[in-house]
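Numbering (our numbering), first residue to last: 31 to 218. Every residue gets a Cβ at the ideal spot worked out from N, C-alpha and C, and that includes glycine.
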Amino acid sequence: MSETIYYHFSDLESIDPTPFIAEHALLKQFNNSTHDERSKLIQALFAKAEQVTIYPPLYLSRGWEVELGRKVMINLGVSILGGAPIRIGDHSLIGPHVQIISVSHPVDPTERQQYAFTAKPVRIGSNVWIGAGAIICPGVCIGDHSVVGAGAVVTRDVPRCTLVGGNPARIIRTLKEPDPATLYLDSQ
């Protein structure tokens, strides 16, 4: 999908902790808020979030790199770890305890001593359903109208209109292309 971003240990020493401290405080407030209070906090936690529903608790790091499309629904216990941009398309559903992770560590032992971590962007298309407990790994792109089965570990791109499942996630079947006339009727 995209190029790897390398974060050196020296980069971490020079990072201003202020945005992380502010994010932590907002997240704590969000996870202890009422339904009415959450919509304002969602706007502050993410780079972009329009008519989004999120059920706490939410675990988030670097929300300023995360863009949520219109009418995204994120269920309880979801973890989103930035480091590279993460984009979730309109009308997508994220099941409980899903992990969306854009960061990792080098596999090579020599590189692992050099770099604190690496990051690759994650893109989840529109009208995607990610089942409970699934893990979306760094660098993955999930095409529009696809479904990721519960507990799947997605390590590779998923084509549009595709059902995947398992560890590692494999294609189970191709889904019927939706009728554009019936999609997003609530958006008109």
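Check whether the Cβ atoms of residue i and residue j lie closer than 9 Å to each other.
| i | j | result |
| --- | --- | --- |
| GLY125 | GLY112 | no |
| HIS116 | ILE84 | Before going further, note that residue 116 is Ile rather than His in the sequence given. For ILE116 and ILE84, no; Cβs fall outside 9 Å. |
| ILE110 | TYR89 | yes |
| GLY155 | ALA180 | no |
| GLY196 | VAL177 | no |
| PRO151 | HIS175 | no |
| THR148 | THR34 | yes |
| VAL106 | PRO87 | The sequence given here places Leu at residue 106; Val does not occur at that position. For LEU106 and PRO87, yes; Cβs fall inside 9 Å. |
| GLY173 | ARG190 | yes |
Taking the alpha carbon of residue i as the point to measure from, which residue in the options has its own alpha carbon closest?
| i | options | result |
| --- | --- | --- |
| GLY119 | ARG153, CYS191, THR48 | ARG153 |
| CYS171 | ARG186, ILE160, LEU57 | ARG186 |
| TYR37 | SER134, ASP138, ASN157 | SER134 |
| GLY169 | ILE130, PHE60, VAL82 | ILE130 |
| LEU56 | THR48, ALA74, ILE45 | ALA74 |
| LYS58 | SER91, ARG190, ARG203, ILE45 | SER91 |
| PRO198 | PRO210, CYS167, SER132 | CYS167 |
If you reduce the DSSP assignment to three classes, tell me which class residue i lands in.
| i | result |
| --- | --- |
| GLU307 | The structure shown does not extend to residue 307, since the chain is modelled only from 31 to 218, so the question has no answer here. |
| LYS58 | helix |
| ARG142 | helix |
| GLN129 | strand |
| ILE118 | strand |
| SER63 | coil |
| ARG186 | coil |
| THR212 | coil |
| LYS78 | strand |
| THR48 | helix |
| MET31 | Its pLDDT being 49, under 50, MET31 is placed unreliably by the model, and the measurement read from it follows with that caveat. Coil. |
How many whole angstroms separate the CB atoms of residue i and residue j, which I take to be in contact at a CB cut-off of 8 Å?
| i | j | result |
| --- | --- | --- |
| VAL96 | ALA77 | 6 Å |
| LEU205 | LEU213 | Not confirmed; about 13 Å, so no contact. |
| ILE160 | VAL128 | 5 Å |
| ALA114 | PHE39 | About 18 Å; that fails the 8 Å criterion. |
| SER69 | GLY99 | With 8 Å as the limit, SER69 and GLY99 do not qualify as a contact, their Cβ atoms being about 16 Å apart. |
Looking at the ligand NAP, does it come within less than 8 Å of residue i, judged from the CB to the closest heavy atom?
| i | result |
| --- | --- |
| GLY181 | For the structure depicted, the ligand NAP is absent and the ligand set is empty, with no information on it obtainable. |
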